[in-house]
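Sequential numbering from 0 applies to the sequence shown in numbering that gives the first Met the number 0. By construction, the Cβ of each residue, glycine as well, lies at the ideal position given by its N, Cα and C atoms. Following: one structure in structure tokens, then a few remarks.
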Amino acid sequence: MQNITTATPCKRIVLGLQYDGTAWHGYQKQEDGQTVQDQLENALEQFARVRLATTCAGRTDTGVHALEQVVHFDTQLNRDVHSWVRGVNAFLPKSIAVRWAKELAGDPTVNDFFHARFSARARTYHYVLYNNATRSPLVEGRAGFFFRPLDVALMRQAVQPLLGWHDFTAFRAAQCQAKSPVKLMHDIRIERRGDCVIFTITANAFLHHMVRNLVGSLVYIGTGREKPEWLGHLLESKDRHAAAPTFMPDGLYLAQIDYDPKWALPQDSSSALPWF
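See below:
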């Protein structure tokens with residue numbers, strides 16, 4: 000084991016993480032140990048021979064996937080960044096992988112130093128919805144499912160009132176712990192790719208179940224059950240009970256975290272949706 004003294008400077012290591020969330024009880028640590036964070040910190044300990052506490056950009060729920068989750072931890076260990084990738088992956092289950100690592104120079108104790116969560120300027124999620132008359136076992140656990148045809152044009156029309164700063168209480172889970180329901184919605188894109196409808200939603204931050212609640216209400220509009228202007232009325236109402244039910248977690252992917260380019264974090268070419 001490497002000899003470390005109190006004089007050894009601490010450094011901040013940033014990891015890019017991908018995972019299939021089907022088998023895990025979300026990202027954040029739990030007593031049962033069946034979470035992505037539990038698995039990652041166990042693998043880090045096996046590789047580094049010391050317990051390392053991690054911080055992520057955004058906690059994902061049970062069954063939710065990540066194309067690019069960003070995590071940081073502080074350590075006095077000297078390791079090549081490629082060693083962090085290969086070494087930690089050797090101890091991770093196949094459904095979780097470190098895609099890249101970056102060592103940031105500087106003092107992690109400085110207030111404006113990089114932080115996986117607080118330095119994030121925006122987050123992007125994809126929701127993949129398999130839209131066919133019959134379900135497919137090949138996308139089970141990796142896409143939501145809806146059997147009635149959806150009108151993408153109507154759904155696109157509906158999202159315009161959501162752009163900008165708004166109170167998203169109507170799309171907030173009852174157990175949400177966010178201090179404020181006001182978020183900045185940067186962009187909402189909806190496109191059809193064969194039998195799949197892809198919702199791509201970017202905001203500065205998200206409320207608990209916000210994306211899945213939005214998708215549920217957009218599906219109401221896509222089927223013609225509600226008119227496009229209904230979504231704007233929902234937003235203004237701040238009434239969660241007036242909105243559609245929460246959609247299943249299967250099709251939700253944390254896709255990208257946006258940071259200031261000054262941190263020069265690696266870009267993962269594999270952080271695109273599978274199958275497309």
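Cβ distance (whole Å) where residue i is taken to contact residue j below 8 Å
{"i": "V127", "j": "K101", "result": "At roughly 28 Å, the Cβ-Cβ gap does not stay under 8 Å, so V127 and K101 are not in contact."}
{"i": "G143", "j": "F246", "result": "6 Å"}
{"i": "R122", "j": "G57", "result": "6 Å"}
{"i": "I200", "j": "Y129", "result": "Not quite, the Cβ-Cβ distance comes to about 18 Å (not below 8 Å), so this is no contact."}
{"i": "A202", "j": "L183", "result": "6 Å"}
{"i": "T53", "j": "Q36", "result": "6 Å"}
Run of the alpha helix (DSSP H) containing residue i, from where it starts to where it stops
{"i": "N130", "result": "Counting along the chain, N130 falls outside any alpha helix (DSSP H), though it belongs to the beta strand (DSSP E) covering A121 to N130."}
{"i": "R155", "result": "V151 to A157"}
{"i": "G221", "result": "M209 to G221"}
Coarse secondary structure for residue i, derived from DSSP in three states
{"i": "V13", "result": "strand"}
{"i": "M0", "result": "For M0, the predicted structure reports a pLDDT of 48, less than 50, and the residue's modelled location is therefore unreliable. A value from the coordinates is still provided. Coil."}
{"i": "T74", "result": "strand"}
{"i": "H292", "result": "Any answer about residue 292 is impossible in this case: the structure gives the chain only from 0 up to 275."}
{"i": "G32", "result": "coil"}
{"i": "F170", "result": "helix"}
{"i": "A202", "result": "strand"}
{"i": "A263", "result": "coil"}
{"i": "A331", "result": "Because residue 331 is not part of the residues shown, which for the chain are 0 to 275, the question remains open."}
{"i": "A96", "result": "strand"}
{"i": "R224", "result": "coil"}
{"i": "H114", "result": "coil"}
{"i": "L137", "result": "helix"}
{"i": "A282", "result": "For residue 282 there is no data in the structure shown, the boundaries of the chain being 0 and 275."}
{"i": "A241", "result": "helix"}
{"i": "R87", "result": "Checking the sequence shown, residue 87 turns out to be Val, not Arg. In this structure, V87 counts as helix in the three-state DSSP scheme."}
{"i": "P8", "result": "coil"}
Residues that DSSP places opposite residue i in a beta bridge
{"i": "L289", "result": "As shown, the chain starts at 0 and ends at 275. That puts residue 289 outside it, with no answer to give."}
{"i": "K101", "result": "V13"}
{"i": "G57", "result": "Its beta-bridge partners do not exist; DSSP assigns none."}
{"i": "V80", "result": "Its beta-bridge partners do not exist; DSSP assigns none."}
{"i": "V196", "result": "L128 and R191"}
{"i": "A42", "result": "None, per the DSSP bridge assignment."}
Limits of the beta strand (DSSP E) - the one that residue i falls within
{"i": "E190", "result": "V181 to R192"}
{"i": "G231", "result": "Looking at the DSSP string, G231 is not in any beta strand (DSSP E); the run it does join, the alpha helix (DSSP H), is E228 to S236."}
{"i": "G143", "result": "G143 to F145"}
Item to check | At least 3 beta-carbon pairs within less than 8 Å: the segment 154-161 vs the segment 218-228 | outcome: yes
Checklist entry - Using 8 Å as the threshold, is the segment 66-79 in touch with the segment 255-267, meaning 3 or more CB pairs across them? => result yes
Checklist entry - Should the segment 103-121 be called in touch with the segment 166-180, which here means at least 3 C-beta pairs below 8 Å? => result Touching, no.
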